[in-house]
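Below is one structure, written out as structure tokens; comments come after it.
Numbering (my numbering), first residue to last: 3 to 463.
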């Protein structure tokens, strides 16, 4: 089997970067949660999507920026409305400034999210017409590959069909197929038949640019193609051809995970290392993600020195308003006391999943829990030395709603697949390092390792 090192080699990145910048366009990545920045560095990430925000970026000729749509936290109708609004505002800003742009709908590498409705709404809002859609959920840094149209998670050297993982059991975005041609039919409720879904195979890619070009060029409006890839080298070969086609006026809708963003722009990952030594005050860690991997990582983190564990009960949060308010007050006081004493508070939700009797009800429960964590940050009167937020929706809402972030800079990755942002001057705690830790990245020790990097705490490994 291909090693991780082999899968991450980037032989065409310089060539792609030159081709991309020659086009003088802005690449806009509309992210359904904030983890799309997993492979990016030195680019803006926007916490809002107003016309003025897009006019600003286009006026600056920003080559690439992310927009935090956070649609995965919303019911379907609200998610599609938001996607359409973002598309419309991009059209306005483009016409106002004369800046051309390319659009990517970035979603989860484990196939959770609204497809194809969100992609269609974004494309319609942007006035792109009936374009073919490319499905590319590759995230090589996290072991997400597609082979023979089947999407896998590679763990411990084993390829696991994604439908056999916990992610397929998601209460709001569950699914039954790893074969992406079948998955497309399933997610479209039969609107797009499996037999109509096209495929760019690994053998097509190996055959060279001419074969890739003809397969992509032949796609008609509204057709869907699964793009297979197990390495950056394969994906970059496809991206070189995509740029050729885009320059001729051929358009595509892109539904991708994080690796496509860096492959298409020629951007390499960049390691960001926290400043040495302990910060003058405690740092805050918030764990909202409840998936099995997050819980295992949480258990390792709890073994570290310098941590004050603060458990918040989901049952209390979603119970009576009075009990929830009282719990919030206690948690805020505890966190502030820790920060002032140089202790690192770890606020985490109870691990038993509480779900509703429908996807919408489950989303509503999740919104209430995330809202509680947002309120903790919003009420803080002491700035942490750093902030690590675990979970996609958690990290989005803590940044945008709790800290008032409108524009941050992606500094790089503190470990592979885990981005760190520098919050802008408008934020409640400007300049603070903010770690966006996805729920499904790394091994059991990874979260503790990130903590170690910020605290200089000796590893227990």
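Glycine is no exception: its CB is placed at the ideal position from the N, C-alpha and C atoms.
In this structure, residue 329 sits near residue 318, with a CB-CB distance shorter than 8 Å. Proximity to residue 348 across 355, 358 and 336 peaks at 336, based on C-alpha coordinates. By the neighbour-count criterion, in which a residue is buried when 16 or more other Cβ atoms sit within 10 angstroms of its Cβ, residue 71 is buried. Contact between the region 358-370 and the region 161-177 is present, with at least three C-beta pairs closer than 8 Å. Assignment of residue 414 by DSSP, reduced to helix, strand and coil, places it in the strand class. In this structure the region 206-215 does not touch the region 115-123; the number of beta carbon pairs closer than 8 Å is below three. In the DSSP annotation of this structure, residue 170 is not part of any alpha helix (DSSP H), being labelled neither H nor E. The beta-carbon separation of residue 29 and residue 106, rounded to 7 Å, stays under the 8 Å limit for a contact.
Where residue 423 is concerned, the enclosing beta strand (DSSP E) starts and stops at 420-425. Between residue 57 and residue 99, the CB-CB gap stays under 8 Å. Distance check between residue 375 and each of 104, 326, 302 and 385 places 326 closest, using alpha-carbon atoms only. The Cβ atoms of residue 215 and residue 235 do not sit closer than 8 Å to each other. Three or more beta-carbon pairs separated by less than 8 Å are not found between the region 43-50 and the region 74-92, which leaves the two stretches without contact.
Cβ neighbours of residue 308 within its own chain (closer than 7 Å, five residues either side excluded): 345, 346, 457 and 459.
The three-state reading of DSSP puts residue 436 in strand, counting E and B together. In the three-state reduction of the DSSP assignment, residue 227 falls in the strand class.
For residue 294, there is no enclosing beta strand (DSSP E); the enclosing alpha helix (DSSP H) covers residues 294-303.
For residue 272, the closest alpha carbon among the candidates 422, 354, 108 and 369 is that of 422. Contact check for residue 386 against residue 285 passes: the beta carbons are separated by less than 8 Å. In the three-state scheme derived from DSSP, where H, G and I count as helix and E and B as strand, residue 384 is classed as coil.
When the alpha-carbon of residue 15 is set against those of 267, 244 and 111, the nearest one is in 267.
Under DSSP, residue 147 forms a beta bridge with 154. Your pair residue 398 and residue 35 checks out as a contact, with CB atoms roughly 6 Å apart and the cut at 8 Å. For residue 256, the enclosing beta strand (DSSP E) stretches over residues 255-258. Pairing residue 154 with residue 165 gives a Cβ-Cβ distance that is not under 8 Å. Using a 10 angstroms sphere on the CB of residue 427, the tally of other CB atoms stays under 16, which defines it as exposed. The beta-carbon separation of residue 437 and residue 452, rounded to 6 Å, stays under the 8 Å limit for a contact. Taken through DSSP and simplified to helix, strand or coil, residue 391 comes out as strand. Cβ-Cβ separation between residue 140 and residue 231: approximately 5 Å, consistent with a contact (criterion under 8 Å).
In this structure, the CA atom of residue 306 is about 36 Å from the CA atom of residue 12. Given a length threshold of 4 residues, each whole run of the alpha helix (DSSP H) inside the region 55-118 is given here in chain order: 78-99. Straight through space, the alpha carbons of residue 292 and residue 354 are spaced by roughly 8 Å. Residue 289 is positioned such that its CB atom lies closer than 8 Å to that of residue 300. Contact check for residue 296 and residue 192: beta-carbon distance about 34 Å, past the 8 Å limit, so the pair fails to qualify.
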